[in-house]
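Have a look at the structure below before the remarks.
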Amino acid sequence: MAEGCLFCEIVSGARDTHVVLDAPEAVAFLDARPLFKGHTLLVPRVHFETLVDLPGELLGPFFGHAQRLAAAMESVLGAAGSFVAMNNRISQSVPHLHVHVVPRNRKDGLRGFFWPRQKYESDAEAAAYAERLSGALKG
1 MAEGCLFCEI
11 VSGARDTHVV
21 LDAPEAVAFL
31 DARPLFKGHT
41 LLVPRVHFET
51 LVDLPGELLG
61 PFFGHAQRLA
71 AAMESVLGAA
81 GSFVAMNNRI
91 SQSVPHLHVH
101 VVPRNRKDGL
111 RGFFWPRQKY
121 ESDAEAAAYA
131 ERLSGALKG
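What follows is the structure, encoded as structure tokens:
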């Protein structure tokens, strides 16, 4: 755990969030400022700053979780597809490796790199999205 790292605090349970996946090597949770509802962040449980820092033996398991999250966007949220992205240092708001998995639909308003953020109507709505996605990953 890196001192002062927001995502390390989430992984350790010191900070509340809506967890979607809790696996031995990774944790996924809803983005607090989602592009679209269901926007999930996948982070390695161990603190690595960038993709370059992630050990080779974790690549398969880590991106396997990203693949499952992308499938859940379609099967559970009814999205037509997904946007899967990662920044390394530049535009990386939290210096802890994380993959964005975002539900997408045609004409959803997301254009290029202009990404308007949305909000959940309530904590209960966010919890319901997390539960739906989590349920799809358990099956």
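The sequence shown begins at 1 in the UniProt record's numbering and counts up one residue at a time. Virtual Cβ for every residue (Gly too), placed ideally from N, Cα, C.
By DSSP's assignment, residue 76 forms no beta bridge with any residue. A straight line joining the alpha-carbon of residue 43 with that of residue 99 spans about 7 Å. DSSP places residue 104 inside the beta strand (DSSP E), whose first and last residues are 99-104. The alpha-carbon of residue 91 is positioned some 23 Å away from that of residue 15. Exclusion of the five residues before and after residue 108 leaves 36 as the residues of its chain whose Cβ lies within less than 8 Å of its Cβ. Under DSSP, residue 22 shares a beta bridge with 27. In this chain, the beta strand (DSSP E) harbouring residue 83 covers 81-85. The closest CA to that of residue 56, considering only 126, 67 and 25, is found on 25. Three or more Cβ pairs drawn from the segment 126-137 and the segment 66-76 lie within less than 8 Å of each other, which places the two stretches in contact. In this model, residue 93 and residue 87 are separated by some 9 Å (Cα to Cα). A straight-line Cα-Cα distance of about 31 Å links residue 49 and residue 105.
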